[in-house]
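Peer 1: This is the structure I want to talk about, given as structure tokens.
In my numbering, the protein residues as written are 348 to 601.
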């Protein structure tokens with residue numbers, strides 16, 4: 348070596364050590380059955396096996412996901428679960444309200460018609476607004492798929508934005524849709540009174556698992572990406588309540 352030349356620097360002088368990182372696919376883990384083109388299971392069996400793996404071994408499940416698979420199967424599964432559980436929940440709510448009535452909805456509707464000075468027979472509106480009536484159930488059940496699709500993709504965009512801000516997901520957007528869709532599987536119990544909240548919390552935990560084991564991120568970033576939208580919504584609600592309370596207090600003082 349020419350003594351006039353400076354010494355060469357090390358190959359990786361700033362290479363971080365002991366970093367927490369996962370590949371988006373672990374070849375040692377099986378692929379989700381409903382996404383595996385080589386599975387020998389039928390459609391129903393593949394769905395059941397997928398649900399079982401998500402709930403019993405989320406880390407292995409998300410680590411086995413291939414990044415280049417289509418999101419169609421996962422989205423259809425998630426929307427089907429959401430729609431079925433909401434219809435069942437609506438039916439359970441209607442039955443409970445019939446068994447334990449809280450109010451005379453005909454009288455409530457009559458008062459509403461009188462206040463609005465509408466030239467309508469209150470008896471005609473009762474089937475549409477009474478939660479215990481079959482007409483109300485059918486109207487709500489008809490709208491559930493529409494709101495399910497809209498709510499699903501709005502939630503996907505919100506959480507993907509949060510994950511991007513926290514740098515908690517490296518694979519492509521379609522992979523995030525699949526992770527979010529599989530995380531909705533615990534909503535199978537959302538129709539059970541007082542236990543449904545556990546399903547929603549469980550789905551958030553699974554989303555965190557998906558960000559870590561499929562999204563190549565740390566648990567801290569995953570937790571931040573999952574919790575931030577909830578905290579932001581709570582902050583917005585607090586600001587709204589404060590604004591309304593201020594307006595009411597101002598009107599009362601005037």
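Beta carbons: idealized from backbone N, C-alpha and C, even for Gly.
Decide if the segment 509-522 is in contact with the segment 399-419; the criterion is three or more beta carbon pairs, one per stretch, under 8 angstroms apart.
Peer 2: Yes: the two stretches touch, three or more of their Cβ pairs being nearer than 8 angstroms.
Peer 1: Are the CB atoms of residue 495 and residue 433 within a distance shorter than 8 angstroms?
Peer 2: For residue 433 and residue 495, yes; Cβs fall inside 8 angstroms.
Peer 1: Output the boundary residues of the alpha helix (DSSP H) element that contains residue 507.
Peer 2: That run of the alpha helix (DSSP H) goes 481-512.
Peer 1: Would you tell me roughly how many angstroms separate the C-alpha atoms of residue 399 and residue 583, rounded to the nearest one?
Peer 2: Near 37 angstroms, if we compare the C-alpha coordinates of residue 583 and residue 399.
Peer 1: Which one of 512, 380, 440 and 410 has the shortest CA to CA distance from residue 557?
Peer 2: When only C-alpha atoms are compared, the closest one is 410.
Peer 1: By DSSP, does residue 416 sit in helix, in strand, or in coil?
Peer 2: Here residue 416 sits in coil by DSSP.
Peer 1: For residue 407, collect the residues of the same chain with a Cβ closer than 7 angstroms to its Cβ; drop the 5 residues on either side in sequence, then sort them by chain order.
Peer 2: Counting only Cβ-Cβ distances below 7 angstroms, and skipping sequence neighbours, we find 376.
Peer 1: Taking DSSP as the reference, what is the three-state secondary structure of residue 458?
Peer 2: Here residue 458 sits in helix by DSSP.
Peer 1: Of the choices 549, 420 and 555, whose alpha-carbon is the least far from that of residue 571?
Peer 2: That would be 555, whose Cα lies nearest to the Cα of residue 571.
Peer 1: Find the nearest neighbour of residue 491 within the set 427, 397, 391 and 518, judged by alpha-carbon distance.
Peer 2: The option with the nearest alpha carbon to residue 491 is 427.
Peer 1: Within 10 angstroms of the Cβ of residue 418, are there 16 or more other Cβ atoms? Answer buried if so, exposed if not.
Peer 2: Classification of residue 418: buried, given that the 10 Å Cβ count is 16 or more.
Peer 1: What are the start and end residues of the alpha helix (DSSP H) that includes residue 555?
Peer 2: Run containing residue 555: 543-560, per the alpha helix (DSSP H) assignment.
Peer 1: Going by Cα to Cα distance, which pick from 534, 441, 580 and 389 is closest to residue 482?
Peer 2: Per the Cα distances, 441.
Peer 1: Taking three-plus beta-carbon pairs below 8 angstroms as touching, is the segment 543-550 in contact with the segment 498-507?
Peer 2: Not touching, per the Cβ criterion.
Peer 1: Residue 581: buried (16+ other C-beta within 10 angstroms of its C-beta) or exposed?
Peer 2: So residue 581 counts as exposed.
Peer 1: Between the alpha carbons of residue 533 and residue 402, how many angstroms are there, rounded?
Peer 2: Answer to the nearest angstrom: the Cα atoms are 7 angstroms apart.
Peer 1: In whole angstroms, give me the CA-to-CA distance for residue 563 and residue 393.
Peer 2: If I take the Cα positions, the gap works out to 26 angstroms.
Peer 1: Taking 7 angstroms as the limit between beta carbons, can you name the residues of its chain near residue 592, skipping five residues before and five after?
Peer 2: Hits under 7 angstroms: none found.
Peer 1: Cα separation between residue 536 and residue 597?
Peer 2: Taking the straight line joining both Cα atoms gives about 45 angstroms.
Peer 1: Work out the CA separation of residue 578 and residue 594 for me, nearest whole Å.
Peer 2: Their Cα atoms are separated by approximately 24 angstroms.
Peer 1: Using DSSP with H/G/I as helix, E/B as strand and the rest coil, what is residue 389?
Peer 2: Residue state, collapsed to three classes: coil.
Peer 1: State buried or exposed for residue 462, treating a residue as buried only when at least 16 other CB atoms are found within 10 Å of its CB.
Peer 2: Exposed, since its Cβ has fewer than 16 Cβ neighbours within 10 Å.
Peer 1: Taking DSSP as the reference, what is the three-state secondary structure of residue 565?
Peer 2: Three-state result, residue 565: coil.
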